[in-house]
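Numbered according to mature numbering (1 follows the signal peptide of the UniProt record, and there is no 0), the sequence shown spans residues -31 to -1, 1 to 395.
Read through the structure below, which is laid out as structure tokens, and then see the notes.
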Amino acid sequence: MRCERPWLRLLLAATASGLLIAAMGAPIASAQQDRCLPPGTNHAPIPWSQKAMGPEQVWPLSNGAGQRVAVVGTGVADNPFLAGQINARTNVAPPTENTNDSGREDCLGTGTGAAGIIAGKKTGGLGFHGMAPGARILSAKVVRDQHPNNREPRGSVSPEVLANGINWAIDQNATVIAVTEVTYQDGGALRAAVGRALGADIPVIAAVGEPSQDEPPGLIPFPAALDGVLGVGSITEQGVRSGASRSSRVDLVAPGENVVTSYPGRGLGPATGTGYATAYVAGTAALVKARISGLSPSDLAHRLFATAAPAPEGVGSASYGYGLVNPYAATLDRTVAGDPGTLPELQPQEVTAEELAREREHDRSNSLAYGLTAAGLGVVGVVTAVVVFGPKGSRRKWRSGISTRRLDRAEDEGPESPVDLFGDRR
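Right, here's the structure in full:
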């Protein structure tokens, strides 16, 4: 009996195995998607970072129209604030190690948030909007569901992968490139890609990254550290450097802690990181380039540096660079070409005893002259009084000029007071 129908046993075994595999496969896919950033919610108030930047003040003259801003990061997912704003996408990210990919456009959410800050549209009665809603987004995805774990420090991206994203953006005719991901390794491919972008008059604006507790000392963020690239750090609502911002290779700062921006799928939510600060600077660059044509990356950098709001530690500090990016001033103010002039350092002069004596003698001479002048003016006043008032006093024998003669006044012919007329009546 056991061998009568072996095919039946094989069929039942295969069916059971298939059901088991299917049952196991569904939770795995679901788990991968559950690990991704969920959709956001509606957020009616105007975010503090948006108030600090005030891009709508520039919109009557520039809203970024005609600019194509590439976001080299975690990808850009759909969101109502980005409807019609995304012109092209690519995925150059290497496969994630030892895990299945969720297949989402942006699992981590950084790229979608950066795109919303750059070009998010006004939607309904919500307060949020992007810096340059007239601009369009190009998305180069260089990170999948999680940052690489096989690199030092963990979470950094390969310089070759970043180079691929930048080169794709150049081929897509980007006018501004925002690199929201960081690598801590220099590389020939990355240098070549950045050089190619700058040579095509495309500014490259890059995050300086977030420090971690277990990282080795002396890390240098790339491409922010490369010549011609604008490195961006982040500040808090109080205007001081965020704890999630590296103090290295910072040229400008912008809001980057607890900002509100677009989430993958729908809605808004809080976000922290230098990638979001980079988006504010990239959005400002789009506003400036849309208004002032023909700006080279160095011209743009000079304008952003010259118009930045002063930083707490002064110009050139490791944490703040030239200061807080100022969209209104950068777009509308006039600037002079060339590097800012530096005044020579003030050298205190030593005063000799002879010079001190000469200065005291000079002060004494001035005091004497002022005293003689005042005395002379007093004498002139007395003489003037005698000349003017002396003859009149002599004629009156120095009596008062007020008349003492009693004047005769005619009696009033009118009726007496009504009180007197009727005063005898009881």
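We put the CB at the ideal spot given by N, CA and C, even for glycine.
Asked, Found
"Alanine 34 beta carbon less than 8 Å from that of glycine 85", "no"
"Under 8 Å between C-beta atoms of threonine 81 and tyrosine 289", "no"
"Selection from Val228, Gly225 and Gly244 that minimises the alpha carbon distance to proline 190", "Gly244"
"Assigned secondary structure, alanine 246 (DSSP; H/G/I helix, E/B strand, else coil)", "helix"
"Residue burial classification, proline 192 (beta-carbon count within 10 angstroms, cutoff 16)", "buried"
"Helix, strand or coil at glycine 85 [DSSP, three-state]", "helix"
"Of the listed residues Thr10, Pro239 and Val45, nearest to cysteine 76 (C-alpha basis)", "Val45"
"Beta-carbon gap between proline 24 and glycine 252 smaller than 8 Å", "yes"
"CB of leucine 221 within 8 Å of CB of valine 126, strictly", "no"
"In chain order, each alpha helix (DSSP H) run of at least 4 residues that lies wholly inside the region 33 to 96", "79 to 88"
"Local conformation of arginine 329 per DSSP, three classes", "helix"
"Proximity of threonine 152 and lysine 258 at Cβ, strictly below 8 Å", "no"
"Beta carbon of valine 38 nearer than 8 Å to that of threonine 149", "no"
"Alpha carbon of aspartate 196 to alpha carbon of threonine 92, nearest angstrom", "39 Å"
"Simplified DSSP state of arginine 160, which is helix, strand or coil", "helix"
"Bridge-paired residues (DSSP) for threonine 152", "Phe191"
"Three-state class that DSSP yields for proline 172 in the structure shown", "coil"
"Simplified DSSP assignment, three categories, for leucine 269", "helix"
"Assigned exposure category for histidine 331 - 16 Cβ within 10 Å defines buried", "exposed"
"Presumed contact (8 Å Cβ cut-off) between alanine 162 and valine 198, rounded CB distance", "With a Cβ gap of about 11 Å, alanine 162 and valine 198 do not count as contacting."
"Identified DSSP bridge partners for lysine 110", "Gly42 and Asn60"
"Pairwise C-alpha distance: alanine 248 and threonine 147", "Note that residue 147 corresponds to alanine in the displayed sequence, not to threonine. C-alpha separation (whole angstroms): 7 Å."
"For proline 224, the residue or residues it bridges with in DSSP", "Ile204"
"Presumed contact (8 Å Cβ cut-off) between valine 173 and valine 201, rounded CB distance", "Contact flag wrong, Cβ pair sits at about 11 Å."
"Separation of glycine 285 from arginine 218, as counted between CA atoms", "10 Å"
"Residues bridged to threonine 230 (per DSSP)", "Gly238"
"8 Å Cβ shell around asparagine 136 - same chain, five flanking residues per side excluded", "Ala162 and Arg165"
"DSSP-derived helix/strand/coil call for valine 145", "strand"
"Supposed contact pair alanine 109 and isoleucine 139 - C-beta distance, whole angstroms, cut 8 Å", "So it is not a contact: roughly 10 Å between Cβ atoms."
"Inter-residue spacing [alpha-carbon to alpha-carbon] between phenylalanine 97 and leucine 51", "12 Å"
"Bounding residues of the alpha helix (DSSP H) (the contiguous stretch that carries tryptophan 137)", "128 to 140"
"With 16 other Cβ atoms within 10 Å as the buried cut-off, status of asparagine 69", "exposed"
"Distance between arginine 215 and aspartate 268 (C-alpha atoms, nearest Å)", "26 Å"
"Cβ-Cβ separation, tyrosine 297 to glutamine 26 (assumed contact under 8 Å), whole Å", "5 Å"
"Member of Pro266, Gly9 and Val130 whose CA lies at the smallest distance from the CA of aspartate 47", "Gly9"
"Beta-carbon contacts of alanine 343 that lie in its chain and below 8 Å, excluding the five residues immediately before and after", "none"
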